[in-house]
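A.B. asks: In mature numbering (1 follows the signal peptide of the UniProt record, and there is no 0), the protein residues as written are -21 to -1, 1 to 598.
Glycine residues also receive a C-beta, built at the ideal position from the N, C-alpha and C atoms.
Structure follows, in structure tokens:
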């Protein structure tokens, strides 16, 4: 009898598994959403499946005309892809995968790679849901990647698709987000604690870094912070560039009040271990279920430095601000204490970028061989689950690369389409494991075509940075690992007379005629020079070592998904290969597949029922 019951359970599980698909359907909930326009008339929802490499979009626009959604690039609409659809007055729908020949002219793709899932219209709005592969085999389609994607939305007031600048919007979005938590997941004993700068008069300067020191929550036993979110004054949102929370060593003597972080009083730059960060364009962030920031034990920080970076380019007078960070913490402990490791290039003027550069690569090396000595205890493997990347206005791309025993292991994270206005904590699809002795390299790419003088590393928005923050577990005592090039070697390679004083060499570099040849020569010299690596602990102890910049092997593009909805253009049959796309699940194909699935299920049910009968009769 037990065997019969088990077999029936198996039959039920097989039928359920057989009848379910991975693809999101016309009514499946979508986890992510954004408004794409200032008036909140254009609303996007989306979701994706990493295994099948399919992304699903739903665009809702307050119009009864056509709507369109696609991907564009940083500089021009020309070549953008745009999926267009609408509902005609007679109720019939139209839907097409297109691209822009120029700023205004649409043309249908030779390969139709978007699959329509839903297209409806009421008296107020039109809603279009469709799916597409991350990478189709159509050269007119932009790849969906882990980079910042510039999402293009457009619509019309009638059913004649024609571009209009007033009804066209571009928004930078990190589409392949990994985690999205609901407030229902919050622990029942959640406590909210606010860290904010109080009633601060924003100076009439382009850039201000305001710092103040604040206590963390006082608790009688260990708790975990599991979420943080920015607190912004609505009228000042455009002036707040980033907010950082730094943990202070418990032996630190801290100043009071609000001061310039990197001004005349060095006390306001104490505490350099980042534990939470937000930058313009970002949202709230919740840690994975098994990770939290520890508070309440003797090893945990009791005070933090709150840093708010203001960009008042219009020099507005008399504006007061009370921005900060809201923390959520609980006594329900997670498995691991979280740490943050800062990587990249040391933030001071030895990091330089020539003017007039189409592209200029800078490098910051980290060697972890000294971590155990500085940690004061054996260093375990650490697991990086998230990251935050940061440059200023000249930054165009960043990547973090891991090496072991002189061999490149992987590109841990990257953004080849970086947008200064979208800086947020991002999660990795799978944790990256860093072992003691590994090397980590940060590469930043800059463009300075609009500048006629040198750009140096520094805190101001018009200066530059090259930083990546790794969010990892379990926590160790290392806060940062930053590199910088040998400026004497670089100066000599450029044919200038070098000084033993590094700052004097920077003055010499101002005299270089920055032709394209000299720009490339400077980039090569910076990469070939010996790097000094500065390693700092949470307690502000500093050690240094040296190393050399290894080469980066690019990750090849994966295979494309061949469309079943149209011709694949011959020139796109690249060595990367093809994979057959899943059959479309819209229109008549849906009905056919449903009928096939039903027949298959009935056949399987009949076969298994016969087998069950045989078991019961003992045959």
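Under three-state DSSP, which class holds residue 287?
C.D. replies: The residue labelled residue 287 in the question sits at position 308 within the chain shown. Strand at residue 287.
A.B. asks: Which two residues bound the contiguous alpha helix (DSSP H) that contains residue 487?
C.D. replies: Position 508 of the chain shown, counting from 1, holds the residue named residue 487. Counting along the chain, the alpha helix (DSSP H) containing residue 487 begins and ends at 481 to 488.
A.B. asks: Whole beta strand (DSSP E) runs in the region 91 to 179 with 3 or more residues, listed along the chain?
C.D. replies: 94 to 100, 105 to 112, 128 to 134, 147 to 152 and 170 to 175
A.B. asks: Pull the bridge partners of residue 471 from the DSSP assignment, please.
C.D. replies: Taking the first residue of the chain shown as position 1, residue 471 is located at position 492. For residue 471, DSSP assigns no beta-bridge partner whatsoever.
A.B. asks: Under 8 Å: do the region 388 to 396 and the region 300 to 309 share three or more Cβ pairs, one atom per stretch?
C.D. replies: Contact fails: fewer than three Cβ-Cβ distances are below 8 Å.
A.B. asks: When you compare each of 503, 28, 19 and 16 to residue 607 by their alpha carbons, which one comes out closest?
C.D. replies: Residue 607 lies beyond the range of the chain shown here (-21 to 598); nothing can be said about it.
A.B. asks: Which whole-angstrom value describes the C-beta separation of residue 506 and residue 532, a residue pair presumed to lie in contact below a C-beta threshold of 8 Å?
C.D. replies: Stepping through the chain shown from its first residue, residue 506 is reached at position 527. Stepping through the chain shown from its first residue, residue 532 is reached at position 553. About 15 Å separates the two Cβ atoms, so there is no contact after all.
A.B. asks: Let me check understanding here. Comparing Cα to Cα, which of 103, 72, 60 and 70 lies closest to residue 86?
C.D. replies: If you number the chain shown from 1, residue 86 lands on position 107. Closest by alpha carbon: 60.
A.B. asks: Would you mind stating whether residue 606 and residue 206 have Cβ atoms separated by less than 8 Å?
C.D. replies: Here the chain has residues from -21 to 598 only, and residue 606 is not among them.
A.B. asks: State the Cα-Cα distance for the pair residue 80 and residue 57, rounded to the nearest angstrom.
C.D. replies: Position 101 of the chain shown holds residue 80. Position 78 of the chain shown holds residue 57. Answer to the nearest angstrom: the Cα atoms are 6 Å apart.
A.B. asks: Does residue 132 pass the burial test, meaning 16 or more other C-beta atoms within 10 Å, or should it be called exposed?
C.D. replies: Counted from its first residue, the chain shown places residue 132 at position 153. Residue 132 is buried by the Cβ-count criterion.
A.B. asks: Using the Cβ count rule (16 or more neighbours within 10 Å means buried), how would you classify residue 280?
C.D. replies: Looking up residue 280 in the chain shown gives position 301. The residue is buried, with at least 16 neighbouring Cβ atoms inside 10 Å.
A.B. asks: So does the region 30 to 50 actually touch the region 132 to 146, counting three or more Cβ pairs closer than 8 Å?
C.D. replies: yes
A.B. asks: In the DSSP assignment, find the unbroken alpha helix (DSSP H) run with residue 495 in it and report its ends.
C.D. replies: Residue numbering aside, residue 495 sits at position 516 when the chain shown is read from its first letter. Start and end: 495 to 507.
A.B. asks: Relative to the C-alpha of residue 54, which candidate in 184, 34, 128 and 115 has its C-alpha closest?
C.D. replies: Numbered from its first residue, the chain shown carries residue 54 at position 75. Ranking the options by Cα distance to residue 54, first place goes to 128.
A.B. asks: Tell me which same chain residues have a C-beta within less than 6 Å of the C-beta of residue 308, skipping the five on either side of it?
C.D. replies: Stepping through the chain shown from its first residue, residue 308 is reached at position 329. Around residue 308: 170, 202 and 204.
A.B. asks: Report the rounded CA-to-CA distance for residue 268 versus residue 338, giving the unit in angstroms.
C.D. replies: By 1-based counting over the chain shown, the position of residue 268 is 289. By 1-based counting over the chain shown, the position of residue 338 is 359. So the alpha carbons of these two residues sit roughly 40 Å apart.
A.B. asks: Between residue 190 and residue 238, how many whole angstroms is the CB-CB distance? I'm expecting something under 8 Å.
C.D. replies: The sequence position of residue 190 within the chain shown is 211, counting from 1. The sequence position of residue 238 within the chain shown is 259, counting from 1. Rounded to the nearest angstrom, the Cβ distance from residue 190 to residue 238 is 6 Å, consistent with a contact under 8 Å.
A.B. asks: Taking 8 Å as the threshold (C-beta atoms), are residue 196 and residue 685 in contact?
C.D. replies: Here the chain has residues from -21 to 598 only, and residue 685 is not among them.
A.B. asks: Rank 310, 441, 273 and 455 by C-alpha distance to the C-alpha of residue 363 and give the top, closest one.
C.D. replies: For the purposes of this step, residue 363 is taken as the residue at position 384 of the chain shown. The option with the nearest alpha carbon to residue 363 is 455.
A.B. asks: When you compare the CB positions of residue 435 and residue 330, do they come within less than 8 Å of one another, or not?
C.D. replies: Translated into positions along the chain shown, residue 435 becomes position 456. Translated into positions along the chain shown, residue 330 becomes position 351. Closer than 8 Å, so yes.
A.B. asks: Check whether the region 349 to 363 touches the region 409 to 418, taking contact to mean three or more Cβ pairs, one atom from each stretch, closer than 8 Å.
C.D. replies: yes
A.B. asks: Go through its chain and collect everything with a Cβ distance to residue 336's Cβ below 6 Å, but skip five positions before and after it.
C.D. replies: If you number the chain shown from 1, residue 336 lands on position 357. The answer, listed in chain order, is 427 and 498.
A.B. asks: Quick check on DSSP: helix, strand or coil for residue 24?
C.D. replies: Taking the first residue of the chain shown as position 1, residue 24 is located at position 45. Three-state result, residue 24: strand.
A.B. asks: Within 10 angstroms of its Cβ, does residue 147 collect 16 or more other Cβ (buried), or is it exposed?
C.D. replies: The residue you call residue 147 lines up with position 168 of the chain shown. It counts as buried.
A.B. asks: Distance check for residue 357 and residue 351, CA to CA, integer angstroms please.
C.D. replies: For the purposes of this step, residue 351 is identified with residue 372 of the chain shown, where counting begins at 1. For the purposes of this step, residue 357 is identified with residue 378 of the chain shown, where counting begins at 1. Those two C-alpha atoms are separated by around 6 Å.
A.B. asks: Runs of 3 residues minimum, wholly inside the region 21 to 66: which ones carry the beta strand (DSSP E) assignment?
C.D. replies: 21 to 28, 33 to 40, 46 to 51 and 60 to 66
A.B. asks: Using 10 angstroms around the beta-carbon of residue 293, count the other beta-carbons present and answer buried if the total reaches 16, otherwise exposed.
C.D. replies: Walking along the chain shown from the start, residue 293 turns up at place 314. When all chains shown are included, residue 293 counts as exposed.
A.B. asks: Buried or exposed for residue 183, going by 16 or more other Cβ atoms inside 10 Å?
C.D. replies: The sequence position of residue 183 within the chain shown is 204, counting from 1. So residue 183 ends up on the exposed side.
A.B. asks: On the three-pair Cβ rule with 8 Å, is the region 488 to 502 touching the region 514 to 527?
C.D. replies: no
A.B. asks: Taking 8 Å as the cut-off, decide whether the C-beta atoms of residue 377 and residue 423 are in contact.
C.D. replies: Within the chain shown, numbered from 1, the residue matching residue 377 stands at position 398. Within the chain shown, numbered from 1, the residue matching residue 423 stands at position 444. Yes, they are a contact pair.
A.B. asks: My understanding is that residue 512 touches residue 462, with C-beta atoms under 8 Å, so please give their C-beta distance in whole angstroms.
C.D. replies: By one-based count along the chain shown, residue 512 stands at place 533. By one-based count along the chain shown, residue 462 stands at place 483. Contact between residue 512 and residue 462 holds, since their C-beta atoms are separated by about 5 Å, short of 8 Å.
A.B. asks: Report the CB separation of residue 119 from residue 83 in whole angstroms; it is logged as a contact under 8 Å.
C.D. replies: As a first step, residue 119 must be located in the chain shown, where it is residue number 140. As a first step, residue 83 must be located in the chain shown, where it is residue number 104. With a beta-carbon spacing of about 17 Å, residue 119 and residue 83 fall beyond the 8 Å limit used to define contacts.
A.B. asks: Can you check DSSP and say which residues form a bridge with residue 68?
C.D. replies: As a working note, residue 68 is residue 89 in the chain shown. Paired residue(s): none; residue 68 is not in a bridge.
A.B. asks: Between the Cα of residue 277 and the Cα atoms of 228, 180 and 107, which residue gives the shortest distance?
C.D. replies: Counting from 1 along the chain shown, the entry for residue 277 is found at position 298. Comparing C-alpha distances from residue 277 to each of 228, 180 and 107 shows the shortest one belongs to 228.
A.B. asks: For the putative contact between residue 433 and residue 333, defined by C-beta atoms under 8 Å, what is the C-beta separation to the nearest angstrom?
C.D. replies: Here residue 433 refers to the residue found at position 454 when the chain shown is read from its first residue. Here residue 333 refers to the residue found at position 354 when the chain shown is read from its first residue. Confirmed, Cβ separation roughly 7 Å.
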